[in-house]
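Okay, structure first, notes after.
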Amino acid sequence: MSSIKNVLSDIVGQDYVSNNPEEVYLYSRDPGLMPAHKPDYVVMPQSAQEIQEIVRVADREKISIVPMGAGLALTGLVIPQKGGIVVDMKRMNKILDVNERARYVLVEGGTSQGLLKAYLEKNYPRLRHSLPDAPPTATIAANVMIHGQGRLAQQYGFNSDMISGLEVVLPSGEICKIGSCSISPDWFSKGPPLPDLSGLFLGWFGATGIITRLALKLYPRKKLRDVEIFITDRENLVPDIVYEITHTEMAEDILVFTQPLPMMFKDNHHVSFYITGDTDEELEFKRKMIWDALHGFIKSKDGGFMSIPPAMRPTLLEMPQKSASRLADVKRGGGFEYSGPIIVVERYPECWRKLVELAVKYDLAYSGMVRIIGRGHCMMFGFAFTFNRADPDMMERVRNALKEVSEFALETGGVFWKPTVEEQKMAFKKMDTNTMQLMKTIKNTLDPNGIMNPGNWEVN
Ligand SMILES: Cc1cc2nc3c(=O)[nH]c(=O)nc-3n(C[C@H](O)[C@H](O)[C@H](O)COP(=O)(O)OP(=O)(O)OC[C@H]3O[C@@H](n4cnc5c(N)ncnc54)[C@H](O)[C@@H]3O)c2cc1C
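Position one of the sequence shown corresponds to residue 218 (the numbering used here), numbered consecutively onward.
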């Protein structure tokens, strides 16, 4: 044990490696509900070269490696199932380059969402990225690794669709460049017109390599931004409402939220959409287009616009949104966890009914948080339940409710987002056999010793 620690100290410096019980304790869990498991060591490298050396040592000694950003995915993806080394990426947080005209940014693999947001606002006020509503310490690389979604999802899809190049340390220790950057000095595409190899890494939870640099597409930031909320108490109409709004191509982002409190929100579906513009006229034009598109629902008295109290507007416009953590009352020891299957928007009514059914069955506070992805191509339906960490019975009820969500999601045609290890196994059971075999071939070829984030996407 001590010799491995010495080897790791030689690579990253002794201040950046630890096997102290109180430090490995912190890396044995995430803020969600999954059981903890301690790593043997934690390291904080500062360069791709250091990561190469760590990976080579791990491969030689057959020690597991788990890359970690902020550890906020909540589903246990950074909990080292088999111990080994947690590679905390936080020291690799440099913003390396912005190509303003080609609208992309090149960052290191541990750069946080908050850092990039602040940097762009200060230095490139006409550019923005698709910010998720995760806490600002969440990292960009981990977010695309789990196919996260942010504020521009409705227009441009998953955040991983907005990648325009990767640099990855493979389990063998080699550094590999993916996309235009493999040929050109410019990081403008993650694949096309070359074969798109980014799929060998994105969505694999670090089980096929560690991202050390990535380029992310940036988009125009308009001067003005506003929000509107359309309410209906008929869940069956939500897919139609979303269809009409997406048809206008005027919204920046579309979210649907539903929660039982305050009482006036109960059993209502709040379709909130965001619009942006450089002038009041542009904003007004977009607002009018969407209002006109929803006129039929108002006429038939199936819904209407909510007048947003002035005090509520800044909260709705904040980025990232803090509503989920507020709901959980984190400061007083509360937690929340959500299962967020990706599923077609037509299934909204079934999802909502299931959410309410489970909340009643397990006596839990709930909220439904939906983000529309693409022009209504699919949605992330977040089944969120809050719990009190001091109440083991309540935590068990949340676990059981989420287990039922997983079964329901698969039955209803959904695909798990950032699945737990258990959900990954459930997905394999349902997956086309040849697809599963292809995944097995990829994993075994890239990581023959199975050292990278073991337990994840492991086909037996
Ligand atoms: C209140 C709240 C709101 C949220 N809202 C959103 C939201 O709107 N949209 C959204 O997408 N998510 C959301 N999330 C989920 C999650 O926090 C984010 O997706 C976040 O970006 C994950 O980043 P992380 O750095 O915490 O990932 P981690 O949990 O550290 O890692 C996630 C996965 O990526 C792997 N990984 C980490 N770094 C690397 C690397 N450099 N190379 C290879 N693999 C790596 C890890 O091993 C793990 O498998 C939310 C979470 C919370 C708590």
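From the three backbone atoms N, C-alpha and C, an ideal C-beta is built for every residue, glycine too.
Near residue i, what residues of its chain come up, given a Cβ to Cβ distance below 7 Å and the 5 sequence neighbours on each side ignored?
{"i": "D457", "result": "none"}
{"i": "G367", "result": "S347, L348, P349, N376"}
{"i": "M251", "result": "T292, G293, I296, T637"}
{"i": "G331", "result": "P353, T354"}
Should residue i be labelled buried (16 or more other beta-carbon atoms within 10 Å of its own) or exposed?
{"i": "K339", "result": "exposed"}
{"i": "V577", "result": "exposed"}
{"i": "P349", "result": "buried"}
{"i": "N376", "result": "buried"}
{"i": "H512", "result": "exposed"}
{"i": "L433", "result": "buried"}
{"i": "K411", "result": "What sits at residue 411 in the sequence shown is Leu, not Lys. L411 comes out exposed."}
{"i": "Y242", "result": "exposed"}
{"i": "H464", "result": "exposed"}
{"i": "M285", "result": "buried"}
{"i": "R564", "result": "buried"}
{"i": "D378", "result": "buried"}
{"i": "M306", "result": "buried"}
{"i": "N651", "result": "exposed"}
{"i": "E554", "result": "buried"}
{"i": "S517", "result": "exposed"}
Apart from the five residues on each side of it in sequence, which residues of its chain come closer than 6 Å, Cβ to Cβ, to residue i?
{"i": "G631", "result": "P558, I560"}
{"i": "A290", "result": "I363, K635"}
{"i": "T328", "result": "N310, I357"}
{"i": "C595", "result": "I559, V561"}
{"i": "C568", "result": "F598"}
{"i": "A626", "result": "P558"}
{"i": "Q538", "result": "D350"}
{"i": "D314", "result": "L323"}
{"i": "L294", "result": "F422"}
{"i": "P477", "result": "K483"}
My output table needs one value for residue i: the three-state DSSP class, helix, strand or coil.
{"i": "G513", "result": "helix"}
{"i": "E384", "result": "strand"}
{"i": "S329", "result": "strand"}
{"i": "M643", "result": "helix"}
{"i": "T449", "result": "strand"}
{"i": "A351", "result": "coil"}
{"i": "P410", "result": "coil"}
{"i": "V676", "result": "coil"}
{"i": "L245", "result": "First, the residue type needs correcting, since residue 245 is Ser and not Leu in the sequence shown. Here S245 sits in coil by DSSP."}
{"i": "D276", "result": "helix"}
{"i": "D664", "result": "coil"}
{"i": "N316", "result": "strand"}
{"i": "S235", "result": "strand"}
{"i": "R614", "result": "helix"}
{"i": "R308", "result": "coil"}
{"i": "K299", "result": "coil"}
{"i": "G552", "result": "strand"}
{"i": "P636", "result": "coil"}
{"i": "L655", "result": "helix"}
How about residue i and residue j: do their beta carbons lie closer than 9 Å?
{"i": "T429", "j": "L417", "result": "no"}
{"i": "D403", "j": "A319", "result": "yes"}
{"i": "G382", "j": "K394", "result": "yes"}
{"i": "V638", "j": "L575", "result": "no"}
{"i": "E675", "j": "T292", "result": "no"}
{"i": "I280", "j": "V459", "result": "no"}
{"i": "A351", "j": "I296", "result": "no"}
{"i": "F598", "j": "G520", "result": "no"}
{"i": "R616", "j": "G550", "result": "no"}
{"i": "N670", "j": "I282", "result": "yes"}
{"i": "G390", "j": "L414", "result": "no"}
{"i": "L435", "j": "G326", "result": "no"}
{"i": "I312", "j": "V274", "result": "no"}
{"i": "H487", "j": "F502", "result": "no"}
{"i": "L369", "j": "E469", "result": "yes"}
{"i": "R592", "j": "Q371", "result": "yes"}
{"i": "P248", "j": "G552", "result": "yes"}
{"i": "A191", "j": "E461", "result": "Residue 191 falls outside the range modelled here, since the chain spans only 218 to 677, and no answer is possible."}
{"i": "R343", "j": "R438", "result": "yes"}
{"i": "I268", "j": "V361", "result": "no"}
By Cβ distance, which residues of its chain are closer than 8 Å to residue i, with the 5 residues on each side in sequence left out?
{"i": "L500", "result": "L441, D443, I492, T493, G494"}
{"i": "M653", "result": "F645, V676"}
{"i": "S245", "result": "A253, H254, K255, P256, I296, P297"}
{"i": "M506", "result": "T465, M467"}
{"i": "P566", "result": "E452, N453, V455, P456"}
{"i": "I302", "result": "L225, P256, D257, Y258, V259, V260, I271, A275, I280, S281, I282, V283"}
{"i": "E240", "result": "V259"}
Would you say residue i faces chain B, with C-beta separation under 9 Å as the test?
{"i": "I268", "result": "The displayed structure is made up of one protein chain only, and chain B is not part of it."}
So within the segment 465-547, which uninterrupted alpha helix (DSSP H) runs reach at least 4 residues, ignoring any that extend past its ends? 497-510, 512-516, 530-534, 540-545
May I have a chain-ordered list of the beta strand (DSSP E) segments no shorter than 3 residues that lie completely inside the segment 571-607? Taking only runs of at least 3 residues, the beta strand (DSSP E) segments lying wholly in the segment 571-607 are 583-590, 595-605.
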